[in-house]
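In the numbering used here, the protein residues as written are 24 to 862.
Just so you know, even glycine gets a beta-carbon here, dropped at the ideal spot from N, CA and C.
Structure below.
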């Protein structure tokens, strides 16, 4: 019996691969993920170490007191030491910006930068800067500025002597030899010392000599330090791949469901053969064993092909990237992982085939022998499955209700999202299993709604809808996998859009424009403001403001809040800033702000107990102004203000009319426009003491890039499930074409053209996507809302309508395309041959 079934499967390799196509794709994805992790970790280890490759010894440890300058001098005098470099990074405050000054020799094996213009510094007060730093700070080779850092008590002169190219240019980097940095900043210690051993000297002997003069400082080999740095980066990669593994696991579950559906079709097509085997004495257990063995063979062949394909691509892709000057390492040869993937695929396939095998083996010989070709698919579900599905659905609803009951309150200050998120995951898992159990019952009502437009198009539309409705169990098995993918993608899209709105609102508060000019606690010279306002070619808008930090709130002579509460206040004109349109309010209306009407941030409102509509008194020293609370913000205020007031109210409080800062936007786009704006503001600042410039747009860009990267990574991961679903639609359609050969022949015999038959089958295939996408969106939107709320990040639910419509259309098109080739195959069969086929 076993030989009969396995040999029959082996004689039809095309059907064997088609049946196991989902397992093939899943095996490719799983083993490909293993290889990608190896490639990423090896690339990180090989290329992302911050210690020069020529470093033999490193003196010092971040968790212990650093080496002193005296010890650095003694190490350099040790016999066998070819070079010793003190490494340190200090922040330098400039009158017009900020520098990250790093110690680097600039030349030689231990250098990490390369000189591209001028000369490298060799005297105290000399620095080399990066090209982007030169653009941002308006510096060039030969220019000078004053800076404060280290042990300096007064600003000291800095002169740019050269320009260097580092591995990464952040826009505020400067370099100089350690002796220059130490002398200029008057430092007494360094962070650590990199040592290069002279050629021919025994490293162990030099290490002992260095230890004798290093006063007990920890000494590690350069290889150990580079490995530790690489391991730290690789740990972050490993954490990311834990998340990747979660999504890959979901894709594997989807593959198992698709395999179950395809085997159910295959066994139904061979019902007469199975009945004959039963008639000649094969028992149900024997039949189940033989069908399970066939499934194991399918899983073995498909997984081996998937693993070999992933291995070939895993070795070819890094080689191709290296040929284009990308530093990408090749993976190893993880044989254990490959064997584990193959064994896991076989086990999953066997488990997936058990239910169809048990169902096929239960058919009596007499019932099957009376069947012309195949046994009609059952349209309903058993009572036990119905009860089980309803219980799971009730459990999902109860878990969702428990999640809602544990969501944070608007004014809640401490919140742990772990419990609600676990409940939400449990609810989603129960809902999905309930969907699998109750799917055949849900297909018909969903199809009645989404198939209505097709039924109005004529006979072809009605036959396409009828073809799906006639086999609800099959339609449910495939559509549920599509629904899982759509639920995940729609959830990621909604969550990502909501997070982006939250980030935009946060940036509208902390970085509402491209640039900010501040006076470091003083006031801006009037000439700075007037010159900035005159630079219209480089700046789109200039919005000056006043800020004070000692405003108190009174009611009836009593001070509100803590006894020492004084709140930062500014008069920033929100109407002049386009980004403030991203702001929302917890209470009141932001547009109501004006003379005599203030806006509070959330913590000031909590501290004072004030709400929108309340009256209160602003006080600065002996001055008082009665105002009304127009609105309360859900978080911080613009530029971290606790109170946002009108300019006239600050005048009435006696605040000086001189501005304390200004905001500005670049007139041009991109890096060139930003650089032009920086230069214009530096010219406006001129030689004004204590006036600084911050490029807020850089922070905004970093946040936007991070959100976009996270969303695209998540979309890419959940797309694995959609890929499995599309493969399932294609294999299901291809197998159903074989099952319905006589039906296709009859339709051709009564006048349906080849084009009509192709269209009907392609539309049927697309309907799997329509049903799955509809169910997926119905689940995805509420679960995405719950996920956003359970995270407690105060992000509003934002449904990206156009992307979701695009997702719906894309899924329908992909599933329809998956049925094109099977439909073409069915249309080529002669009506006479089809009517005479026996299945």
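message: In whole angstroms, give me the CA-to-CA distance for residue 520 and residue 364.
response: For the purposes of this step, residue 520 is identified with residue 497 of the chain shown, where counting begins at 1. For the purposes of this step, residue 364 is identified with residue 341 of the chain shown, where counting begins at 1. Distance between the alpha carbons of residue 520 and residue 364: 35 Å.
- prompt: Which full runs of the beta strand (DSSP E) of 3+ residues lie inside the segment 559–590, going along the chain?
  reply: 562–568 and 570–578
query: Helix, strand or coil for residue 195 per DSSP?
result: Residue 195 sits at position 172 when you count from the first residue of the chain shown. Coil at residue 195, not helix or strand.
task: Pull up the DSSP beta-bridge partners for residue 179, would you.
output: Translated into positions along the chain shown, residue 179 becomes position 156. DSSP, once it has assigned bridges, lists 170 as partnering residue 179.
field: residue 65, buried or exposed, once every other Cβ within 10 Å from all chains shown has been counted against 16
entry: The residue given as residue 65 occupies position 42 in the chain shown. Residue 65 comes out buried.
message: Could you pull the DSSP bridge partners for residue 538 from this structure?
response: Indexing the chain shown from 1 puts residue 538 at position 515. According to DSSP, residue 538 bridges with 687 and 718.
message: Bridge partners for residue 750 per DSSP, in chain order?
response: Taking the first residue of the chain shown as position 1, residue 750 is located at position 727. For residue 750, which the question treats as bridged, DSSP gives no partner whatsoever.
query: Is the number of C-beta pairs between the segment 529–548 and the segment 708–723 that are closer than 8 Å three or more?
result: yes
message: Using 8 Å as the cut-off, can you tell me whether the segment 83–100 makes contact with the segment 183–190, which would need three or more C-beta pairs spanning the two stretches below that distance?
response: no
- prompt: Among all the DSSP beta bridges, which residues are the ones paired with residue 666?
  reply: For the purposes of this step, residue 666 is identified with residue 643 of the chain shown, where counting begins at 1. Its beta-bridge partners are 592 and 623.
- prompt: Quick one: is residue 680 buried, meaning 16 or more other Cβ sit within 10 Å of its Cβ, or exposed?
  reply: Translated into the one-based positions of the chain shown, residue 680 becomes position 657. Its Cβ having fewer than 16 others within 10 Å, residue 680 is exposed.
query: Which residue or residues does DSSP assign as beta-bridge partners of residue 186?
result: Residue mapping note: residue 186 aligns to position 163 of the chain shown, counting from 1. 140 and 152, per the DSSP bridge assignment.
query: Considering residue 841, what are the terminal residues of the alpha helix (DSSP H) in which it resides?
result: One-based indexing of the chain shown puts residue 841 at position 818. Its alpha helix (DSSP H) spans residues 824–841.
task: Hey, could you find the ends of the beta strand (DSSP E) residue 80 is sitting in?
output: For the purposes of this step, residue 80 is identified with residue 57 of the chain shown, where counting begins at 1. Start and end: 80–82.
query: Whose C-beta lies closer than 6 Å to the C-beta of residue 793 among residues of the same chain, with five residues either side of it excluded?
result: For the purposes of this step, residue 793 is identified with residue 770 of the chain shown, where counting begins at 1. Within the same chain, residue 793 has close Cβ partners 473 and 835.
message: Between residue 803 and chain D, is any beta-carbon pair separated by less than 8 Å?
response: Included in the structure is just one protein chain, with no chain D present.
query: In terms of DSSP beta bridges, what is residue 611 paired with?
result: Working through the chain shown from its first residue, we reach residue 611 at position 588. Residue 611 is bridged to 654.
field: Closest Cα partner of residue 563 within the set 689, 477, 609 and 446
entry: Reading the chain shown from its first residue, position 540 is the one you call residue 563. Nearest C-alpha to residue 563 among 689, 477, 609 and 446: 689.
query: When the Cα atoms are used, what is the spatial distance from residue 574 to residue 591?
result: Residue numbering aside, residue 574 sits at position 551 when the chain shown is read from its first letter. Residue numbering aside, residue 591 sits at position 568 when the chain shown is read from its first letter. In a straight line, the C-alpha of residue 574 is about 7 Å away from that of residue 591.
field: Rounded straight-line distance, which links the Cα of residue 50 to that of residue 329
entry: Here residue 329 corresponds to residue number 306 of the chain shown, with the count starting at 1. Here residue 50 corresponds to residue number 27 of the chain shown, with the count starting at 1. Cα-Cα distance, rounded: 5 Å.
query: So residue 309 is in the alpha helix (DSSP H); what residue range does that whole segment cover?
result: On the chain shown, residue 309 is found 286 positions in, with the first residue counted as 1. Looking at the DSSP string, the run of the alpha helix (DSSP H) that includes residue 309 is 307–346.
- prompt: For residue 846, does the three-state DSSP call read helix, strand or coil?
  reply: Taking the chain shown and counting its residues from 1, one reaches residue 846 at position 823. Looking at residue 846 - three-state DSSP - the assignment turns out to be helix.
field: residue 108 - partner residues in DSSP beta bridges
entry: Here the question's residue 108 lines up with position 85 in the chain shown. Residue 108 is bridged to 217.
task: Could you check the C-alpha separation between residue 675 and residue 662 for me, to the nearest Å?
output: By one-based count along the chain shown, residue 675 stands at place 652. By one-based count along the chain shown, residue 662 stands at place 639. Distance between the alpha carbons of residue 675 and residue 662: 22 Å.
task: Below 8 Å CB to CB, which residues in the same chain sit around residue 167 once its five sequence neighbours on both sides are set aside?
output: Position 144 of the chain shown holds residue 167. Closer than 8 Å at the Cβ level, and outside the excluded window around residue 167, lie 180, 181, 182 and 183.
- prompt: Which of helix, strand or coil does DSSP assign to residue 116?
  reply: Locating residue 116 in the chain shown gives position 93, counting from the first residue. Strand, per DSSP.
message: Assuming contact is defined by CB atoms lying nearer than 8 Å, are residue 127 and residue 134 in contact in what I supplied?
response: Reading the chain shown from its first residue, position 104 is the one you call residue 127. Reading the chain shown from its first residue, position 111 is the one you call residue 134. Yes, they are a contact pair.
- prompt: Could you give the distance in angstroms between the alpha-carbon of residue 121 and the alpha-carbon of residue 203?
  reply: Within the chain shown, residue 121 is the residue found at index 98, counting from 1. Within the chain shown, residue 203 is the residue found at index 180, counting from 1. Rounded to the nearest angstrom, the two C-alpha atoms are 19 Å apart.
field: Stretch-stretch touch, CB-based, cutoff 8 Å, three pairs: the segment 358–377 with the segment 45–64
entry: yes
- prompt: If we ignore side chains and look at the alpha-carbon of each, how far apart do residue 400 and residue 42 end up?
  reply: Taking the first residue of the chain shown as 1, we reach residue 400 at position 377. Taking the first residue of the chain shown as 1, we reach residue 42 at position 19. Residue confidence is low: residue 400 scores 47 on pLDDT, short of 50, so the model does not pin down where it sits. Its coordinate-derived value is still stated next. Going from the Cα of residue 400 to the Cα of residue 42 covers about 18 Å.
task: Can you say whether residue 706 is buried or exposed, counting buried as having 16 or more other CB atoms within 10 angstroms of its CB?
output: Taking the chain shown and counting its residues from 1, the one referred to as residue 706 is at position 683. Residue 706 is exposed by the Cβ-count criterion.
- prompt: What residue ranges within the segment 755–821 form continuous beta strand (DSSP E) runs of no fewer than 3 residues, ordered along the chain?
  reply: none
query: Which partner residues does residue 2 have in the DSSP bridge list?
result: Nothing can be reported for residue 2: it is not among the residues displayed for the chain, which extend from 24 to 862.
message: If I follow the unbroken alpha helix (DSSP H) through residue 500, where does it start and stop?
response: Sequence index remark: in the chain shown, residue 500 carries index 477 (1-based). Taken as a continuous stretch (DSSP letters only), the alpha helix (DSSP H) holding residue 500 covers 495–533.
task: To the nearest angstrom, report how far apart residue 336 and residue 52 are at their CA atoms.
output: To locate residue 336, count along the chain shown from 1; it is residue 313. To locate residue 52, count along the chain shown from 1; it is residue 29. Distance between the alpha carbons of residue 336 and residue 52: 11 Å.
- request: Express the C-alpha separation of residue 775 and residue 272 in angstroms, rounding to a whole number.
  value: Numbered from 1 along the chain shown, position 249 holds the residue referred to as residue 272. Numbered from 1 along the chain shown, position 752 holds the residue referred to as residue 775. Answer to the nearest angstrom: the Cα atoms are 44 Å apart.
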